[in-house]
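One structure is given below, encoded as structure tokens.
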Amino acid sequence: MKFHLAVFGCQMNSNDADRIRTVLHGIEGKEVQTPEEADFVIYVTCSIRQHAEDRIFGLISNLRKQKKKEERLMNTEEELAHRRRPVIAVTGCMVEKTSSQTSDKKDKLLVRSDKIDLVFRIEDAPSLANILREYFPISDEYSGEFPGIFETLPTQTQNYSAFVPLSTGCDHHCTYCIVPHTRGKEVCRSKDEIINECKEMISRGAKEITLLGQNVNRYYFGKRRINPYRTDFAELLDEIAKLDGLVWLRFLSPHPQHLGEDVLDVMAENQNICSHLHLPVQSGDNEMLQKMARGYTVEKFKETVSLARKKNPGISVTTDVIVGFCSETEEQFQNTKRLCKEENFDMVYISKFSVRPHTPAAQWEDDVPLVEKKRRYHEINEVLKKSSKTNNMGDIGKVMKVLVDRVNDKNIAQGHTSENKIVEFQVGNKGRRFIGEFVDVKITGAKMFYLEGKIEN
Ligand code: SF4
């Protein structure tokens, strides 16, 4: 069976896709690069915004139409006999119930579109062999039972950078967020399992590991301790940083409510923990933060950022902001804009609020018009462009260590720094050998969202 994985959304989804790949290889599946070539297409989805959901439905509909068109162009009996209708599956955050078009109780996605054959919850991925017997001749010798999604080690498309989840789900219940509904309650993996997976990834060639969790710094082992001197997350981070052979360690995304001095101290003590903090603020207005149920104030957020910068000089700080959340006034929006100006973020991921079902915000009026959300988006983006460019200008002349991600056909390499800044630089004809390698690059230019440089000899 030829399969294709189409992945949308965050790194957690990419990591899920890597584990699905392992299961499908286990039943002799062969991965292909395009959905058109595949017998089985799996969309690993994101439901964080309505736009993401609509896009998946659009893609599935296009694929079906294209296949129908191909069938109409087939002339001979033989061609028609070999026509394939790819089996289409959806998994990830959009799925509530593992089911197929033949199930008595179908997931709402199957009801919405008969173009989807089956959907499965990500925790059911280890049983895919059994699920797929309805569609493909899979030998009985494949039990298809991996013990669990986290025991199914990921098969990555590249080995130099690995993602290791600490937990899944979230208990925080921010009022706009669908994650607690789609991914369920927070479940933390055991410390041994995480450490073993990190060691395995390093032995496969990982130079960089990113620890993942919806609320990564809430990680705990055993019983959650209240106000401890050192949180379980800080302890785990410290232990992983000390593993032999690990060059860079990152984590995504910490929650400002729980980010204490202990984590910032561990970052300062371990030189291989990257000089980057992504701390999602969402709003710069206390009333909005309360309405979002974020659990911190603007003052507490600013205090944490200031402490992070003091303990880790040169650290880059990035954030997420939602504009146009229910009843957000102009004044409240201006508070967010002011915070962005004051904090000089290196990057702000801005989203226009969109209502998600099953969230408290779905009960409230989505009363900021789209045109107004777009204006607010644009205003924050203008602030970001200035802060990002100014911060990047400050890097000119520095020599930065860059982990190379790709090289284009004009021999321009692109990679990222410890601060998670993008750097582009020219390499020679055989530049592809740099992919997955660290290169020292002298920064010679600063663009809005990336740096330019040349290899330092
Ligand atoms: S912390 Fe809030 S925004 Fe983040 S996943 Fe949990 S509920 Fe969603």
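Just so we're on the same page, our numbering is the position in the sequence shown counted from 1, plus 84.
Where is the CB? At the ideal position from N, CA and C, for every residue including glycine.
Query, Result
"Anticipated Cβ contact below 8 Å, Y433 with D404, distance rounded", "5 Å"
"Chain-order list of residues whose beta-carbon lies under 8 Å from that of F429 (same chain, five-residue window excluded)", "V401, T402, T403, L468, S471 and S472"
"Bridge partner(s) assigned by DSSP for F305", "None; F305 has no bridge partner."
"Contact test: Q418 Cβ vs the ligand SF4 heavy atom, cutoff 7 Å", "no"
"Range covered by the beta strand (DSSP E) that runs through D489", "V483 to V491"
"heavy atom of the ligand SF4 below 7 Å from Q134 C-beta", "no"
"Given L320 as reference, the closest of L343, Q298, W332 and V350 once Cα atoms are compared", "V350"
"Through-space distance from S131 to K458, alpha-carbon basis", "21 Å"
"Which of helix, strand or coil DSSP assigns to R517", "helix"
"Same chain, Cβ closer than 7 Å to E137, five either side skipped, listed in chain order", "S131 and M178"
"Contact test: H342 Cβ vs the ligand SF4 heavy atom, cutoff 7 Å", "no"
"Inter-residue spacing [alpha-carbon to alpha-carbon] between K395 and L348", "7 Å"
"Where Y461 sits in the DSSP three-state scheme", "helix"
"Local conformation of G113 per DSSP, three classes", "coil"
"For review: beta carbons within less than 5 Å of any heavy atom in the ligand SF4", "C254, H256, C258, C261, V263, Q298 and N299"
"Residue(s) in a DSSP beta bridge with I144", "For I144, which the question treats as bridged, DSSP gives no partner whatsoever."
"First through last residue of the beta strand (DSSP E) which encompasses P264", "Not the beta strand (DSSP E): P264 falls in the alpha helix (DSSP H), residues V263 to T266."
"Boundaries (first-last residue) of the alpha helix (DSSP H) holding R422", "E414 to E427"
"Meets three-Cβ-pair contact criterion under 8 Å: the region 99-106 and the region 410-424", "no"
"Start-to-end residues for the alpha helix (DSSP H) that takes in I324", "D316 to A325"
"First and last residue of the uninterrupted alpha helix (DSSP H) at K192", "K192 to R196"
"Three-state class that DSSP yields for Q366 in the structure shown", "strand"
"Simplified DSSP state of D138, which is helix, strand or coil", "helix"
"P249 - partner residues in DSSP beta bridges", "L296"
"Reference N419; option with closest CA among G478, F522, P453 and I464", "I464"
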